[in-house]
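Asks: 165 is the number of the first residue of the sequence shown in this note's numbering; add one for each residue after it. Yeah, the Cβ is synthetic: ideal placement off N, Cα and C, and Gly gets one too. Note that the coordinates shown come from a computational prediction; the quantities given were computed from them, not determined experimentally.
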Amino acid sequence: MKDKRRAVMTGLSFTLILSNAANAAATANSLFDDLQKVPWAEKQITQMSLLDVVQGRDNQKFEPQGNVTNQEAIVMILRLLNADQSLTASGSSLPADSWAQPYVQLGLDLGLIRQAELTSSNSVSWGRQPVIREWAAEFIVRAIKYNNNLQRVASSSIVFADRSSISASHADAVNVASALNIINGFPDGSFKPQDNVTRAQMVKMLNETLPYLLVNETNKVTDKVFYGVIQSVSTDQVVVSVAGQSLTFAISADTFVYDQASQAIGAAALRSGQAISVLADNGKAQYIERTSQAIDLASIEAKLLDLAKPGKDGAAGATGATGEAGSPGATGPTGPTGATGATGAAGAGGAPGAKGATGATGQAGITG
165 MKDKRRAVMT GLSFTLILSN AANAAATANS LFDDLQKVPW AEKQITQMSL
215 LDVVQGRDNQ KFEPQGNVTN QEAIVMILRL LNADQSLTAS GSSLPADSWA
265 QPYVQLGLDL GLIRQAELTS SNSVSWGRQP VIREWAAEFI VRAIKYNNNL
315 QRVASSSIVF ADRSSISASH ADAVNVASAL NIINGFPDGS FKPQDNVTRA
365 QMVKMLNETL PYLLVNETNK VTDKVFYGVI QSVSTDQVVV SVAGQSLTFA
415 ISADTFVYDQ ASQAIGAAAL RSGQAISVLA DNGKAQYIER TSQAIDLASI
465 EAKLLDLAKP GKDGAAGATG ATGEAGSPGA TGPTGPTGAT GATGAAGAGG
515 APGAKGATGA TGQAGITG
C-alpha cells in the first residue's frame, strides 16, 4: 500500500477567496434540519453526506436517531468503499428490499456478508432487521480487510464489563474495531453488543473508519479527503502541508468548517499550525475539520499492518490424562519353525528290568 496523498494533486494550487460573509454563511449552513438532535455527530453526518455515503430522508430530514437496518449498513459501507460502481441487477432472491438486493449481492461477492448469515429470527426479512453493534463491527472490519487486501486482522481482547454478551463469532471484530477506536464502549465499561445502531452512530463509525481506507490509493471516495497541518492562512488563501506537499484549497460560502467538538465555525477561526482534514472536489474545499492532532497516514498504515501480523504461538498446554487401556489385539500369525537344537547329554542309567520268564527246556542230547 502506498501513501496516496503523495500521488494526488502534485503541483496544484488553488485560490482561496474568503470573506466575513462567507464565514458567516459557512457557520450557518446545515445539510439537514434535524441535526441539532445529535450535535456530537453533525460534522460526521455532513462529511459522509458530502461523500455521498449517506442520504437524508424526505423533507430535509436525516432522522439521526432512527435505527439503521442491515441492508442500509451494507449500502453505506459499499459506498464508502466506492464499490457500488460495480452494482449489477442481481440478488432478486435475497432477503432484502428490491432496491437493496443488488447491494446485498455485491456485499456477498466482496465478503462483507455471507449467505449463511442472511437469516432472521422472525417474520421481518434480514435486510429490514436493525443492525446491532457487534454486527456493525463485523461489517466494518471486513470492509477494512477487503479495502486493504488483508487476509486477517486481529487484536488482543478488549475487556468489556459485558463481554460474555458478545457472540463468539463477532468477538474478534469487536476487539479490532475497539483497538482502532472505530467503535468504543460506554462509560460504564460495557459494549452493549446487542443494542441497535442509530443512523448517527453508524455515520460516526464510518467517519472513524475513513483513515484506514485512505492507505489504499485506489479508493476514489477517500481520494477526496486530505489530512494535514495549516502552514498559513489569510483572508484570501489557506495553505496546508499534506504529506510533504503544500496544497491550497478554494473555499466558498458553501464550505462547511467544524472544530473538534462538531461545532460549526467560520473559516476565520483557522490558524497556522492547526491540524485539519479537508474534503475537496476538484480543488474546492467542501468541508474542513479541525482535528485534535495531525493524522499521519503512515502511522495509520503501520497500525493496521501490525494487526494483520500472524499471532505468536501460545505456550504448550498441560499434558492430558492417560487414556483408557485399549481392547486386546487379534492373535498374530504362527511364526516359522525354529532350527533343530543341539543333542542333549546322555540320561542316567535306567533301573534293572524285571526277571524274565524261564525259557523252554531244550531237546535231549545224543547218548554217547
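Between the Cα of A332 and those of L244, D359, I347 and E298, spot the shortest distance and give me the residue it belongs to.
Replies: For A332, the nearest C-alpha among the options comes from E298.
Asks: Among S396, V402 and I346, which has the Cα closest to the Cα of Y376?
Replies: It is I346 whose Cα lies nearest to the Cα of Y376.
Asks: Do you know how far the Cα of T486 is from the Cα of G275?
Replies: Cα to Cα, G275 sits roughly 44 Å from T486.
Asks: With DSSP as the reference, identify every bridge partner of V404, one or two as the case may be.
Replies: DSSP output for V404 lists I394 and L411 as bridge partner(s).
Asks: Going by DSSP, name the residue or residues bridged to I277.
Replies: Looking at the DSSP assignment, I277 forms no beta bridge with any residue, so it has no partner.
Asks: What does the alpha-carbon distance come out to for the pair D261 and V361?
Replies: Cα to Cα, the separation comes out at about 19 Å.
Asks: Quick one: what does DSSP say E453 is sitting in, helix, strand or coil?
Replies: Of the three classes helix, strand and coil, the one that applies to E453 here is strand, per DSSP.
Asks: What residues match up with V421 in a beta bridge as DSSP calls it?
Replies: Bridge partners of V421: I452.
Asks: Rounding to the nearest angstrom, what Cα-Cα distance links G447 and L258 in this structure?
Replies: Distance between the alpha carbons of G447 and L258 is about 41 Å.
Asks: Under DSSP, the alpha helix (DSSP H) around S463 begins and ends at which residues?
Replies: Note, S463: alpha helix (DSSP H), L461 to L471.
Asks: Does DSSP put A444 in a helix, in a strand, or in coil?
Replies: It is a strand residue.
Asks: Measure the CB-CB distance between L370 and V218 and report whether it falls below 9 Å.
Replies: Yes, the pair counts as a contact, with Cβ atoms nearer than the cut-off.
Asks: If you follow the alpha helix (DSSP H) that K309 is in, where does it begin and where does it stop?
Replies: Taken as a continuous stretch (DSSP letters only), the alpha helix (DSSP H) holding K309 covers R297 to N311.
Asks: Would you mind stating whether Y267 and L242 have Cβ atoms separated by less than 9 Å?
Replies: For Y267 and L242, yes; Cβs fall inside 9 Å.
Asks: Identify whether V389 lies in helix, strand or coil by the three-state DSSP scheme.
Replies: Reduced to three states, the DSSP call for V389 is strand.
Asks: Looking at the structure shown, is S416 part of a helix, part of a strand, or coil, going by DSSP?
Replies: In this structure, S416 counts as strand in the three-state DSSP scheme.
Asks: Touching or not, the stretch 301–311 and the stretch 248–256, by the rule of three or more beta carbon pairs under 8 Å?
Replies: No, the stretch 301–311 does not touch the stretch 248–256.
Asks: From the DSSP output, in three-state form, read off A439 for me.
Replies: Residue state, collapsed to three classes: strand.
Asks: So, for E302: in the same chain, excluding its five sequence neighbours on each side, which residues have a beta-carbon less than 6 Å away from its beta-carbon?
Replies: Around E302: H334 and A337.
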